[in-house]
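Visitor: Quick note: the working numbering has the sequence shown finishing at residue 276, numbered continuously throughout.
Handing you this structure, nothing more for now.
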Amino acid sequence: MFKHFIGASVAALFLAGGAQAQDQSIIVQSTTSTANSGLYDHLLPVFQDKTGIQVNVVAVGTGQAIKNAQNCDGDVLLVHAKPAEEKFVASGYGTERTDLMYNDFVIVGPAGDPAGVGGMKDVQEALSKIAGEKALFASRGDDSGTHKKERALWADTGVDPTGGSGEWYRETGSGMGATLNAGIGMGAYVMTDRATWISFGNKQDYEILVEGDEDLFNQYGVIPVNPEKCPSVNIEAAQTFSDWLLSEEGQQTIGAYKVDGQQLFFPNAPQD
């Protein structure tokens with residue numbers, strides 16, 4: 005289910021000639037959550053049929069995606085850690101950051117719910133209870149957008165979970181799908197984006213226990229990489245992709261993506 009590299013389609017339209025074909029392809033540095041959810045399998049064929057541009061997605065944690073883009077290993081950045089995205093643009097690596105879509109984070113856990121957080125809407129209170137009980141909690145620990153949000157939420161509670169690292173607090177250093185598998189295997193609570201959870205196939209007896217806090221809001225942004233920093237960037241195709249995602253058609257296509265009848269992402273690009 006989960007892919008670390010996703011092509012637009014095996015039936016891609018390739019233009020004749022090496023240089024010409026190269027002009028019609030881009031690399032998107034993106035998060036594992038958008039890839040894990042299947043969103044790109046839904047979006048990219050629509051975009052490619054319209055433009056002939058092949059989109060290749062490298063799906064890693066947000067921190068790594070930003071580093072890759074700073075190393076000029078991509079044409080577009082699509083991630084979910086707004087302060088880091090704004091810093092990326094302010095440092096000259098991106099031309100402009102624009103809100104694209106949102107969903108939310110949730111905390112999932114086993115039916116037994118050892119910390120008794122089921123039904124709670126205050127995420128800081130729930131995390132405090134988990135820490136107080138020293139109940140197992142599996143963290144991505146990979147500087148991803150999800151991990152950045154999790155660290156910010158822990159900071160709001162006044163608890164430093166790394167004091168329990170290797171004991172009740174387990175850092176996987178992995179993507180969302182792998183962390184969910186590891187967490188479920190050890191009976192730990194896990195914070196995940198809702199889209200990945202809906203698409204995840206190994207839920208066993210796990211369910212969403214904490215949701216609905218406004219602090220769990222999860223915003224995604226899109227940024228073309230700046231050719232002034234990275235001359236190799238295919239800026240024309242990158243801008244075409246970004247503009248399409250933000251257009252009425254792109255936004256409708258994002259909103260139309262559902263799994264088991266549930267909408268995974270909610271478009272919120274600014275409209276003229």
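Beta carbons are placed, not taken as given, at the ideal position from N, Cα and C, and that holds for glycine.
Over what stretch of residues does the alpha helix (DSSP H) that includes Tyr261 continue unbroken?
Guide: Neither: Tyr261 is in no alpha helix (DSSP H) and is coded neither H nor E.
Visitor: Is it buried or exposed, Asp197, if we count other Cβ atoms within 10 angstroms and call 16 or more buried?
Guide: Its Cβ being crowded by 16 or more others within 10 Å, Asp197 is buried.
Visitor: Can Leu249 and Val229 be called in contact, C-beta distance under 8 angstroms?
Guide: No, these two residues do not count as a Cβ contact at 8 angstroms.
Visitor: Mind checking which residues open and close the alpha helix (DSSP H) that includes Tyr44?
Guide: 43-55 is the extent of the alpha helix (DSSP H) around Tyr44.
Visitor: Which residues in the same chain as Gln243 place their Cβ atom closer than 7 angstroms to its Cβ, once the five residues preceding and following it in sequence are excluded?
Guide: Correct list, in chain order: Pro228.
Visitor: Would you mind reading off the limits of the alpha helix (DSSP H) that contains Thr38?
Guide: Counting along the chain, the alpha helix (DSSP H) containing Thr38 begins and ends at 36-40.
Visitor: If you count every other CB in all the chains shown that lies within 10 Å of the CB of Ala199, and 16 or more means buried, which is it?
Guide: Per the 10 Å Cβ criterion, buried.
Visitor: Whose C-alpha, out of Ile70, Gly170, Gly168, Gly177, is nearest the C-alpha of His151?
Guide: The shortest C-alpha separation from His151 is found at Gly177.
Visitor: Return the CA-CA distance between Thr66 and Gly116, expressed in angstroms with no decimal places.
Guide: One C-alpha to the other measures close to 32 angstroms.
Visitor: Quick one: Cα of Arg174 to Cα of Lys54, how far?
Guide: So the two alpha carbons sit approximately 45 angstroms from each other.
Visitor: Nearest by alpha-carbon distance to Ile30: which of Val237, Gly254, Gln256 is it?
Guide: Among Val237, Gly254, Gln256, the Cα nearest to that of Ile30 is on Val237.
Visitor: In three-state terms, what does DSSP make of Asn222?
Guide: In this structure, Asn222 counts as strand in the three-state DSSP scheme.
Visitor: Between Leu268 and Ser41, which are expected to be in contact by the criterion C-beta below 8 angstroms, what is the C-beta distance as a whole number of angstroms?
Guide: At roughly 5 angstroms, the Cβ-Cβ gap stays under 8 angstroms, so Leu268 and Ser41 are in contact.
Visitor: Report the partner residues of Tyr97 according to the DSSP bridge assignment.
Guide: Paired residues: none, contrary to the question.
Visitor: Are there three or more Cβ pairs, one per stretch, closer than 8 angstroms when the segment 255-270 is compared with the segment 106-123?
Guide: Cβ pair count under 8 angstroms is three or more, so yes.
Visitor: Which same chain residues, not among the five before or five after Ala139, have their C-beta less than 7 angstroms away from its C-beta?
Guide: Hits under 7 angstroms: Pro118, Ala119, Trp172, Tyr193.
Visitor: Would you mind stating whether Gln68 and Val59 have Cβ atoms separated by less than 8 angstroms?
Guide: No; because the gap between Cβ atoms is not below 8 angstroms, this pair is not in contact.
Visitor: Using only the alpha-carbon positions, how far apart do Ala135 and Lys233 sit?
Guide: Each residue's Cα considered, the two are about 44 angstroms apart.
Visitor: Going by CA-CA distance only, name the one from Gly189, Thr161, Ala186, Met180 that's closest to Thr35.
Guide: When each option's Cα is compared against that of Thr35, the closest is Met180.
Visitor: Using DSSP with H/G/I as helix, E/B as strand and the rest coil, what is Gln26?
Guide: For Gln26, the pLDDT reaches just 43, beneath the cut-off of 50, and the residue's location in the model is therefore unreliable, leaving the point undetermined.
Visitor: Is DSSP giving Ser132 helix, strand or coil here?
Guide: If DSSP states are grouped into helix, strand and coil, Ser132 belongs with the helices.
Visitor: May I have the straight-line CA-CA distance separating Lys91 from Leu157, to the nearest angstrom?
Guide: Near 20 angstroms, if we compare the C-alpha coordinates of Leu157 and Lys91.
Visitor: Who pairs with Pro271 in a beta bridge, going by DSSP?
Guide: DSSP, once it has assigned bridges, lists Met105 as partnering Pro271.
Visitor: Identify which residue in Ile188, Val32, Asp276, Thr102 has its Cα closest to the Cα of Gly78.
Guide: With distances taken between Cα atoms, Gly78 lies closest to Val32.
Visitor: Could you tell me which residues DSSP pairs with Thr196 in its beta bridges?
Guide: Partner(s): Val110.
Visitor: Mind reading off the beta-carbon distance from Val83 to Gly191? Whole number of angstroms is fine, and I expect it under 8 angstroms.
Guide: The pair is not a contact, with the Cβ atoms about 30 angstroms apart (cut-off 8 angstroms).
Visitor: Measure the alpha-carbon distance for Ala63 versus Cys76 and round it to whole angstroms.
Guide: Using only the alpha carbons, I get a separation of about 16 angstroms.
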